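Below is one structure; the comments refer to it alone.
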Amino acid sequence: MRLIDTHTHLDFPDFDADRDEVLARSRALGVQRMVVLGVYQANWQRLWQLVERDESLYAAFGLHPVYLDDHHPQHLDELRDWLGKLAGHRKLCAVGEFGLDYYLEHLDRQRQQALFEAQLELADEFELPALLHVRRAHAATIATLKRFRLARGGIIHAFAGSNEEAREYIKLGFRLGLGGAATWPQANRLRKVVAGLPLEAIVLETDSPDMAPAMYPNQRNSPEYLTDICSELAALRGITAEELAAASSRNADELFGWG
């Protein structure tokens, strides 16, 4: 079974003690490629050094809304410089993680929106997919994406919206990232939505070290759990794990331009 983890934070200190072992176990379980997403300017260099060292890792760079107070205007210029410097590099696969977070009420929405739009412009300029964080902000995100119409679309990370919102994102060229959240039995609404999503719209992810699946409660999440996530979501949809793995990997390959 071949799997792609489209959303990890393997550069985080949570993995410093055993990162190489985690990567080896993940590959042994069929997780052939893993995308590592930048969240603020200070971790981009560390992230790139990690990705360069390991054949199975790919990089995305972005300014995450949750770290809004850590971002400064010059960081957008630096992001543009990073994307320009690495343009065409096979290890650079997207702009992200960025987006809108309306769950945390202390985050200024106007500043978030400005930062969101600036990074959409960079994704458009460098012809890269956008890997988006969207929390309780689907309406604003969809409205913004309708204005920008990114040629390469992207992924709505940890998708937890409605069937209607899913259809809007798909029409805009976005895939829907599914991970541990839908493995929890109490996530009834999300599980119903996931069961009916078009197979060609799904990509799998872990969000390691966060959002552990139900089979590993209160643990550090890891790409090595993607096989279990895949099996659970496949059962939810009434298909085999191999079918879901093949479809999600094919979708990720198409999005990122991987042969």
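The sequence shown: position 155 = 167 (this note's numbering), numbered continuously. In this text, a Cβ means the ideal position worked out from N, Cα and C, and glycines have one as well. These numbers were taken from a predicted model, which means no experiment stands behind them.
The residues 224, in chain order, have a CB closer than 7 Å to that of residue 231 in the same chain once the five nearest residues on each side in sequence are set aside.
Short of 7 Å from the beta carbon of residue 128, and not among the five residues preceding or following it, lie these beta carbons of its own chain, in chain order: 110, 111, 112 and 156.
If you look at residue 112, you'll find it in the beta strand (DSSP E) that goes 104-113. As a beta-bridge residue in DSSP terms, residue 166 pairs with 142 and 186. The way I'd put it, the stretch 17-25 does touch the stretch 42-50; three or more beta-carbon pairs between them come closer than 8 Å. Around the beta carbon of residue 84, a 10 Å sphere encloses fewer than 16 other beta carbons of the protein chains shown; the residue is thus reported as exposed. DSSP, reduced to helix, strand and coil, places residue 27 within a helical segment of the structure shown. Restricting attention to 259, 253, 218 and 260, the CA atom closest to the CA of residue 22 is found in 218.
DSSP places residue 65 in the helix class (H, G or I) of the three-state scheme.
If the five residues before and after residue 259 are omitted, its C-beta is found closer than 8 Å to the C-beta atoms of 211, 212 and 214, all from its own chain and listed in chain order.
In summary, residue 251 is exposed, with fewer than 16 beta-carbon neighbours lying within 10 Å of its beta-carbon over all protein chains present. Membership of residue 241 in the alpha helix (DSSP H) is indicated by the continuous run 238-249. Within the same chain, 53 and 75 come within 7 Å of residue 87 by CB-CB distance, once the 5 residues on both sides are set aside. Proximity of the stretch 33-40 to the stretch 88-108 falls short of the contact definition, fewer than three beta-carbon pairs being nearer than 8 Å. Of the candidates 27, 184 and 136, the residue whose Cα lies closest to the Cα of residue 154 is 184. Around the beta carbon of residue 207, a 10 Å sphere encloses fewer than 16 other beta carbons of the protein chains shown; the residue is thus reported as exposed.
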